[in-house]
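S.K.: Numbering-wise (this note's numbering), the sequence shown opens with residue 566 and increments by one.
All C-beta atoms in this analysis are idealised placements derived from N, C-alpha and C, irrespective of residue type, glycine included.
None of these values were measured; they are calculated from a predicted model.
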Amino acid sequence: MSKWIRAMTDLGPTRIRVQSICAYQYIKEDADEGEVLLIYTADNTLFEVHENVSGVLDILDTHFENDFMN
566 MSKWIRAMTD
576 LGPTRIRVQS
586 ICAYQYIKED
596 ADEGEVLLIY
606 TADNTLFEVH
616 ENVSGVLDIL
626 DTHFENDFMN
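Now the structure itself:
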């Protein structure tokens with residue numbers, strides 16, 4: 566069964582298949598700008614998440630926690 570996340574991007578609500586994610590990056594911007602989460606997929610697509618960044622980041626961290634190599 567595929568797992569999907571729903572994220573609000575510049576284009577509107579977007580569903581991203583978790584298995585297609587290669588990397589993600591959390592960026593804390595200036596105080597006026599807030600935060601952004603960049604999600605990179607296997608087909609070189611870049612998604613910029615600007616809303617509910619912490620929620621999406623928690624989902625991804627939980628999903629990939631066992632795959633992290635320290």
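Quick check for students: name the residue ranges of the alpha helix (DSSP H) that lie wholly in the region 595-623, counting only runs of 4 or more.
M.R.: none
S.K.: Got a sec, what are the start and stop residues for the beta strand (DSSP E) Gln-590 sits in?
M.R.: What you label residue 590 is simply residue 25 of the sequence shown in a count that begins at 1. Where Gln-590 is concerned, the enclosing beta strand (DSSP E) stretches over 586-593.
S.K.: On the premise that Ile-592 lies in contact with Phe-612, defined as a C-beta separation below 8 Å, what is that separation, rounded to the nearest angstrom?
M.R.: Here residue 612 is taken as the residue at index 47 of the sequence shown, counted from 1. Here residue 592 is taken as the residue at index 27 of the sequence shown, counted from 1. With a Cβ gap of about 13 Å, Phe-612 and Ile-592 do not count as contacting.
S.K.: Does Met-566 come out as helix, strand or coil in the three-state DSSP assignment?
M.R.: For the purposes of this step, residue 566 is taken as the residue at position 1 of the sequence shown. Unreliable positioning characterises Met-566 in this predicted model, as indicated by a pLDDT of 43, which lies under 50. The coordinate reading is nonetheless provided below. Looking at Met-566 - three-state DSSP - the assignment turns out to be coil, as it is neither helix nor strand.
S.K.: Give me the Cα-Cα distance between Val-618 and Leu-602, rounded to the nearest whole angstrom.
M.R.: The sequence position of residue 618 within the sequence shown is 53, counting from 1. The sequence position of residue 602 within the sequence shown is 37, counting from 1. Rounded to whole angstroms, Val-618 to Leu-602 spans 6 Å at the Cα level.
S.K.: By the 10 Å Cβ neighbour count, where 16 or more other Cβ atoms means buried, how is Leu-625 classified, buried or exposed?
M.R.: Position 60 of the sequence shown, counted from the first residue, corresponds to residue 625. Its Cβ being crowded by 16 or more others within 10 Å, Leu-625 is buried.
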